[in-house]
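Once you know that position 2 of the sequence shown is -16 in the working numbering, the rest is easy, because the numbers rise by one and skip nothing. We treat Cβ as the ideally placed atom computed from N, Cα and C, and that holds for glycine. Right, one structure below, let's go through it.
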Amino acid sequence: MKLYNSIGPNPQVVRTFMAERGIELPRVEIDIMTAVNRQADYLNVNPAGQLPALELDDGSLLTEITVICEYLDETQPGKPLMGETPEERAQIRRWTRWADLNVIEPMTNGFRASEGLPMFKDRMRVLPEAADGLKACAQDKLAWLDGQITDRDYLAGDRFTLADIMLSTFLAFGEQVGQPVNRELTNLSAWFDRCQARPSAKA
Ligand SMILES: N[C@@H](CCC(=O)N[C@@H](CS)C(=O)NCC(=O)O)C(=O)O
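Here it is in structure tokens:
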């Protein structure tokens, strides 16, 4: 297998997941700042033109970070991060999807439509007029989450899982691009610091 990697929160999720699982793979570095990912050589690898991508030994390609992480979890030896029973897996998928739809999508679309506009305006449709609203949507959902995680250390229960990696990695990205964690949300804030203190956060 081979991992196509770059800067940015999506590849960071996969690298953090791999670090937690003790998985090492050969990497090919792609420069997204100069849009190498939008040129023919990389589009021949991944027609969607984004990072990361995982090339399997049979030459087939996996994209989408949740899919890549689940595939690695199922195929690599060691203790799974995606749960050990159907119920555990369902809870982890529940919170992973919640984070993706409710926080990560509006946060990143808000970024692309404002601070990220110079980089993204010629790559995809971006909506500058919606930027503030998208960022506010993400913050609303984080405020709701703060009231939900009063009884547990991690999003899906007492174990650190893909749901935590997903959300904490993107909140760390948000801190760098003008969407910082609201420190008045004390449960969220403690959870975020707990996740970021893990060595895998810097993988
Ligand atoms: N839905 C994709 C999102 C991938 C994505 O947006 N990757 C970013 C890096 S964090 C990227 O390639 N940005 C450069 C670009 O879109 O040109 C996934 O789950 O992997």
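Can you tell me whether residue i sits near ligand 1, meaning its C-beta is under 8 Å from at least one heavy atom of the ligand?
i: M106; result: yes
i: T100; result: The amino acid at residue 100 is misidentified as Thr; the sequence shows Pro. No, ligand 1 has no heavy atom inside 8 Å of this Cβ.
i: R20; result: yes
i: Q158; result: no
i: G31; result: yes
i: E46; result: yes
i: I147; result: no
i: A183; result: no
Once you ignore the five residues that flank residue i on each side, which residues in its own chain have a CB closer than 7 Å to its CB?
i: P62; result: D55
i: I50; result: V(-4), P34, L36 and L44
Work out the CA separation of residue j and residue i for me, nearest whole Å.
i: L109; j: A95; result: 5 Å
i: A92; j: K117; result: Sequence check: residue 92 is Gly here, not Ala. Answer to the nearest angstrom: the Cα atoms are 5 Å apart.
i: P(-9); j: S150; result: 10 Å
i: P162; j: N84; result: 16 Å
i: A17; j: N26; result: 14 Å
i: P181; j: F(-1); result: 11 Å
i: D82; j: P88; result: 9 Å
Give me, in chain order, the residues of the same chain whose beta-carbon lies closer than 8 Å to that of residue i; leave out the 5 immediate sequence neighbours on both sides.
i: Y53; result: L36 and L44
Can you list, in chain order, the residues of its chain whose CB lies under 6 Å from that of residue i, leaving out five sequence neighbours each side?
i: L137; result: W77, A145 and D146
i: L153; result: V163 and F174
Segments of 3+ residues assigned as beta strand (DSSP E) that fall wholly inside the region 94 to 148: none
Touch test, the region 118 to 137 against the region 164 to 172, Cβ-Cβ under 8 Å, three pairs minimum: yes
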